[in-house]
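Reading through the structure tokens given below for one structure.
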Amino acid sequence: MDLKSGNLYWPDTLKEKPSYPIVEENMECDVVIIGAGVSGACTAYELKDSGLDIILIDKRTVAAGSSSANTGLLQFSNDQLLHEAIRAFGKTAAVDHYWRCFNAISRLRDEIVPSLSIDPELIMRESLFFASNEDEIETVQEEYKALKEAGFDVEYVEKDEMKKWVPFSRRAAIITKGDAEVNPYKLTHGLVKAASDAGVRIFEQTEVFLKKADEDGVLIRAAGGYLIKAKKAIFAQGYETQETVKEKNTVIESSYAIVTNSIDDLSFWKDNVMIWESARPYFYARTTADYRIVIGGLDERTSNPDMRDQKMIAKRDELIKEVESWFPQLQGAIQAEYNWSGSFAHTHDGQPMIGQYGRVPNSYFLLGYGGNGIVYSLFLSKLVARHIMGKKDPAFSFYSKERVYEPE
Ligand SMILES: Cc1cc2nc3c(=O)[nH]c(=O)nc-3n(C[C@H](O)[C@H](O)[C@H](O)COP(=O)(O)OP(=O)(O)OC[C@H]3O[C@@H](n4cnc5c(N)ncnc54)[C@H](O)[C@@H]3O)c2cc1C
24 MDLKSGNLYW PDTLKEKPSY PIVEENMECD VVIIGAGVSG ACTAYELKDS GLDIILIDKR
84 TVAAGSSSAN TGLLQFSNDQ LLHEAIRAFG KTAAVDHYWR CFNAISRLRD EIVPSLSIDP
144 ELIMRESLFF ASNEDEIETV QEEYKALKEA GFDVEYVEKD EMKKWVPFSR RAAIITKGDA
204 EVNPYKLTHG LVKAASDAGV RIFEQTEVFL KKADEDGVLI RAAGGYLIKA KKAIFAQGYE
264 TQETVKEKNT VIESSYAIVT NSIDDLSFWK DNVMIWESAR PYFYARTTAD YRIVIGGLDE
324 RTSNPDMRDQ KMIAKRDELI KEVESWFPQL QGAIQAEYNW SGSFAHTHDG QPMIGQYGRV
384 PNSYFLLGYG GNGIVYSLFL SKLVARHIMG KKDPAFSFYS KERVYEPE
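Next up, the structure:
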């Protein structure tokens, strides 16, 4: 699958990338993880000290799939807002899901990042979520109420108050606390390196295919004709997981992003708050460790990479215009030094999934689809790792196809 096109920013930020060998022999292991994007990397990290023999394989290089097209906003708020999730799944399940997202970011900051030898440039940020137009004011108000009732640290921002954070203003907005920005490429490399250092066997540039899965385990065929026999397989192939097993709950569309030149003075953007809005599709923006602006959005409902890429230049120009309209002081002073398009998946029901299918026993399919792909990967990988180690987690079944909510 053609996952992305254009000129990506993140790979340029890691000059000395760790590299790993290709598969050159038949192998056996307890768990094989297919895909070394952020979801496979998180899974290898979660299992690295389990005592199990783990193999992680990618057909590209580490983080060279969608994880390099990611814009690295880590938010506990989802594309499906809390009040919408409450309507769809009930209050307890939806609120628990939001807290799981929140806690995943806190754990990344407190436990995971300090253990990595590659610094993923994690910075805790507040998020500013604003009403895109008059019709959306109620949406923002409802969301504020739902978040507040659920116990999140959230602030309602009236029209004129918004200028405390950014030079533009809308009729209603909220500030949420507990989010973060990250360099997704460095994060993925950092997680894989930590797994490798702990003894996980990592392979790159080796495409693999599911050959057989039955009650005894899983047989994977690797490029070159080598076979990998595992007790369990975790398919973390990102959107390409759909090539192994098609999940009906998946929608694949297209999205666009740019990264500008470094800006000398960002003092007009208080605390570099991460910005997003209520319209769908939405614009969103953040800054980088080297003072650039990342802005993304303008999603298209096509999964066709040719149609996606035909619009890349026009989308780049529209994204620049949006930055200039938010920050008039930057007019004429910014260029898109990087711009790209990417395939982007979400689920019909708005929630990430751990796919398990009767026809593919002993296998898990990590579908952390949606705008919170990293946050989802962080906790789905932990749920799968615990499941493999025989630890029952009440949240597991909520992320199954059946969406059964079994509170503790
Ligand atoms: C423009 C854009 C902006 C985004 N912004 C954000 C954001 O701000 N925050 C956020 O959390 N998420 C964001 N996302 C979503 C995020 O990028 C994804 O959720 C996440 O990167 C998916 O990670 P993954 O590991 O599942 O997939 P990938 O990174 O694609 O990794 C899957 C890996 O599997 C490998 N693979 C596939 N098939 C095989 C095979 N047969 N054999 C061997 N290897 C195989 C691939 O080579 C690939 O490296 C964004 C996405 C896009 C496109």
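First residue of the sequence shown: 24, per the numbering used here; consecutive thereafter. Don't be surprised by glycine CBs; every beta carbon is placed ideally from N, CA and C.
Next on the checklist: Can you tell me whether D81 sits near ligand 1, meaning its C-beta is under 7 Å from at least one heavy atom of the ligand?
Outcome noted: Numbered from 1 along the sequence shown, position 58 holds the residue referred to as residue 81. Yes; taking the cut-off as 7 Å, the Cβ of D81 has a heavy atom of ligand 1 nearer than that.
Next on the checklist: Alpha carbons only, please: which of Y305, G320, W292, G391 is nearest the one belonging to V274?
Outcome noted: Here residue 274 refers to the residue found at position 251 when the sequence shown is read from its first residue. It is G391.
Item to check | One or two residues paired with D237 in a DSSP bridge | outcome: Locating residue 237 in the sequence shown gives position 214, where the first residue counts as 1. Bridge partners of D237 according to DSSP: G240.
Next on the checklist: Relative to the C-alpha of S73, which candidate in A221, H369, P417, A253 has its C-alpha closest?
Outcome noted: By one-based count along the sequence shown, residue 73 stands at place 50. Closest option to S73, Cα to Cα, is A221.
Item to check | Spatial distance of F5 from E107 (CA atoms) | outcome: Absent from the model: residue 5. The displayed extent of the chain is 24 to 431, so no value can be given.
Item to check | Sequence ranges, beta strand (DSSP E) only - wholly within the region 68-150, length at least 3 | outcome: 77-80
Item to check | Closest residue to Q333 among W363, I316, Y43, L70 (Cα-Cα distance) | outcome: Here residue 333 corresponds to residue number 310 of the sequence shown, with the count starting at 1. Taking Q333 as reference, the option from W363, I316, Y43, L70 with the minimal CA-CA separation is W363.
Checklist entry - F232: beta carbon under 7 Å from a heavy atom of ligand 1? => result One-based indexing of the sequence shown puts residue 232 at position 209. It does: the Cβ of F232 is within 7 Å (strictly closer) of some heavy atom of ligand 1.
Checklist entry - How about the region 57-77 and the region 256-263: do they share at least three Cβ pairs that are nearer than 8 Å? => result yes
Next on the checklist: List, from N- to C-terminal side, the beta strand (DSSP E) runs of 3 residues or more that fit wholly inside the region 336-421.
Outcome noted: 359-370, 376-378, 386-390
Checklist entry - What whole-angstrom Cβ distance do T283 and I357 have, given they're in contact under 8 Å? => result As a first step, residue 283 must be located in the sequence shown, where it is residue number 260. As a first step, residue 357 must be located in the sequence shown, where it is residue number 334. Indeed they touch by this definition, with Cβ atoms about 5 Å apart.
Item to check | DSSP-derived helix/strand/coil call for M50 | outcome: Here residue 50 refers to the residue found at position 27 when the sequence shown is read from its first residue. The answer is strand: DSSP assigns M50 an E or B state.
Item to check | 3 or more residues per run - each beta strand (DSSP E) lying fully within the region 143-211 | outcome: 146-153, 177-181, 195-204
Item to check | Beta-carbon spacing of C52, A217 below 8 Å | outcome: Counted from its first residue, the sequence shown places residue 52 at position 29. Counted from its first residue, the sequence shown places residue 217 at position 194. No, they are not a contact pair.
Next on the checklist: What would DSSP say about N284, mapped onto helix, strand or coil?
Outcome noted: Within the sequence shown, the letter at position 261 stands for residue 284. Residue state, collapsed to three classes: coil.
Item to check | Sub-8 Å separation of A125 and I197 beta-carbons | outcome: In the sequence shown, counting from the first residue as 1, residue 125 sits at position 102. In the sequence shown, counting from the first residue as 1, residue 197 sits at position 174. Note that residue 125 is Phe in the sequence shown here, rather than Ala. No, they are not a contact pair.
Item to check | Alpha-carbon to alpha-carbon, N272 and H371 | outcome: Within the sequence shown, residue 371 is the residue found at index 348, counting from 1. Within the sequence shown, residue 272 is the residue found at index 249, counting from 1. N272 has its alpha-carbon roughly 5 Å from the corresponding atom of H371.
Next on the checklist: Between the region 181-195 and the region 239-252, can you find at least three pairs of beta-carbon atoms closer than 8 Å?
Outcome noted: no
Next on the checklist: Can you determine whether any heavy atom of ligand 1 sits closer than 7 Å to the C-beta of E425, and answer yes or no?
Outcome noted: Within the sequence shown, numbered from 1, the residue matching residue 425 stands at position 402. False, no ligand heavy atom lies under 7 Å from that Cβ.
Checklist entry - So the alpha helix (DSSP H) D329 belongs to, where does it begin and stop? => result Counting from one through the sequence shown, the residue named residue 329 turns up at place 306. Segment 328-333, the alpha helix (DSSP H) holding D329.
Checklist entry - R224 lies in the beta strand (DSSP E); which residues open and close that run? => result Numbered from 1 along the sequence shown, position 201 holds the residue referred to as residue 224. Note, R224: beta strand (DSSP E), 224-226.
Checklist entry - Which value, in whole angstroms, describes the spacing of the CA atoms of P207 and I56? => result For the purposes of this step, residue 207 is identified with residue 184 of the sequence shown, where counting begins at 1. For the purposes of this step, residue 56 is identified with residue 33 of the sequence shown, where counting begins at 1. Within the model, the alpha-carbon separation for P207 versus I56 is close to 19 Å.
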